[in-house]
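In my numbering, the protein residues as written are 17 to 83. Ideal placement from N, C-alpha and C gives every residue a C-beta, glycine not left out. Keep in mind that this is a model prediction, so the values were computed, not measured. Below: the structure, in structure tokens.
Quick look at the structure:
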């Protein structure tokens, strides 16, 4: 039982460290606006890898589109 708990804690820690170290390829990017303009920005970032951007998320004040 102790071994299972230790392994689960270790796996969460390794996962968390991987995220913090930024296994992202490109400059981490936060998009302001999740409407049509934000969607267009996402498509541009995803289709043009040479931009060197990695999408992290959106910031928007419209509560109707929050998840």
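Residue i vs residue j beta-carbon contact at 8 Å
i, j, result
"residue 69", "residue 43", "yes"
For residue j and residue i, the rounded distance between their alpha carbons
i, j, result
"residue 74", "residue 56", "13 Å"
"residue 64", "residue 54", "15 Å"
"residue 66", "residue 46", "17 Å"
"residue 76", "residue 52", "12 Å"
"residue 80", "residue 59", "22 Å"
"residue 50", "residue 41", "22 Å"
"residue 61", "residue 78", "22 Å"
"residue 48", "residue 18", "45 Å"
For residue i, the residue or residues it bridges with in DSSP
i, result
"residue 67", "Residue 67 pairs with nothing; no bridge assigned."
"residue 45", "71"
Residue-level contact to chain B via CB, residue i, 8 Å cutoff
i, result
"residue 67", "Absence of chain B from the displayed structure is noted, only one protein chain being present."
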